[in-house]
Amino acid sequence: MSISQYIKEIGRGKDGARSLTREQAADLFGQVLDGTVSDLELGGFCLAMRIKGETPEEMAGFLDATHRRLHRLPDSGTRTVVLPSYNGARKLPVLTPLLALLLAREGAAVLVHGTATEDRRVSSEAVFAALGYEATRSPKVLAPGAFAFVPTEVLHPGLKRLLEVRRVVGLRNPGHSLVKLMNPCQGPALIVGSYTHPEYAVSMAETFALVGAHALLLRGTEGEPVADARRTPQMDAFRHGQRHLVQAAQEGALATLPDLPRDPSAEATAAYIRKVLDGRLPVPRPIAMQVAHILQEIRHTHPTETSGQLADATP
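Just so you know, my numbering puts the end of the sequence shown at 316, numbered straight through with nothing missing.
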């Protein structure tokens, strides 16, 4: 098999490229994930899509192919909170593990998945390891109040291979957007999607709407799915694909700043997280508000699972 016929369509430059249908995109991406394309074709696909950009229909097709192939977590009967963690920390501590542990403490089932895409950034996996939590190498049922970190290659080796192309060509590709949109659970999930640049806020929102997702979308900390501890970002919920504003962005000057570690290393971040969980430091207000909104969305979209399982929380 070959994807050359698709590369001819998407590789005609920014103005001449033609978009694929959802079905064509699913066929193309399925071949990429299955590893049946050559390295040259894979590079051509990645560069062509980087120039053209993905349409919501193409991304929906990529998701269709991915969901048919993922080694997904078994259905637990509850809505799992999914935190895609791929950007890591560069200047600020990566607090995705703190968000996951706070949600689990409130009774939510939480799945964090990801892989390091840049060697110079601190990953959530490294912070979890510094906290004493090992990555899960085989997807398992997550009960309410439990969490797991699952490396991308456990979900699908071909997806990890696609992400690794960035280390060779130095540019992102559709896989970097897809991992922030996919549902790695057989059962219902609430995907917490994050973006760094405004154009991705638009494309991610359009894709969530097209596929009828249950999700929370925000501008995360350096692209991680956790609110910036210094300033509350806008948060939008998607319920069956319908968009609802649940949190307006904080405006104006900041009166105070949280006592964050200046060192973004895994060890320093883990030490900070322990102090927050132990009550020695307060939970940063933007993250506390994000936790409350996520718990509220679980109740809103799957109310039968909240009886006695999730503590009451309000922003």
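All C-beta atoms, glycine included, are put in the ideal place defined by N, C-alpha and C.
Could you check what DSSP says for residue i in three-state terms: helix, strand or coil?
i	result
Val82	strand
Asp279	coil
Asp229	coil
His301	helix
Gln243	strand
Ala90	strand
Arg220	strand
Ile192	strand
Asp65	helix
Met205	helix
Ala250	coil
Asp237	strand
Leu43	helix
Leu164	helix
Leu182	coil
If we count the other Cβ atoms within 10 Å of its Cβ and call it buried at 16 or more, is residue i buried or exposed?
i	result
Lys181	buried
Arg23	buried
Ser195	buried
Ser39	exposed
Ile295	buried
Asp229	buried
Gln248	buried
Arg80	buried
Arg263	exposed
Pro175	buried
Leu255	exposed
Pro75	exposed
Ser3	exposed
Could you check how far apart the C-beta atoms of residue i and residue j are, in whole angstroms? I think they sit under 8 Å.
i	j	result
His157	Arg70	6 Å
Arg240	His301	7 Å
Pro265	Leu93	6 Å
Phe63	Val113	Between Val113 and Phe63 the Cβ distance is about 22 Å, and since that is not below 8 Å, they are no contact.
Gly31	Ala66	4 Å
Leu34	Gly213	Not confirmed; about 22 Å, so no contact.
Exercise. Say whether the segment 130 to 147 touches the segment 2 to 20, bearing in mind that this needs 3 or more beta-carbon pairs closer than 8 Å, one atom from each stretch.
Key: no
Quiz item: Pairing CB atoms from the segment 285 to 303 with CB atoms from the segment 231 to 245, are three or more of them under 8 Å?
Solution: yes
Quiz item: Would you call the segment 73 to 89 and the segment 47 to 57 in contact, with 3 or more CB pairs under 8 Å?
Solution: no
Quiz prompt | Every unbroken beta strand (DSSP E) within the segment 81 to 157, with a cutoff of 3 residues, ordered by chain | solution = 81 to 86, 111 to 115 and 148 to 152
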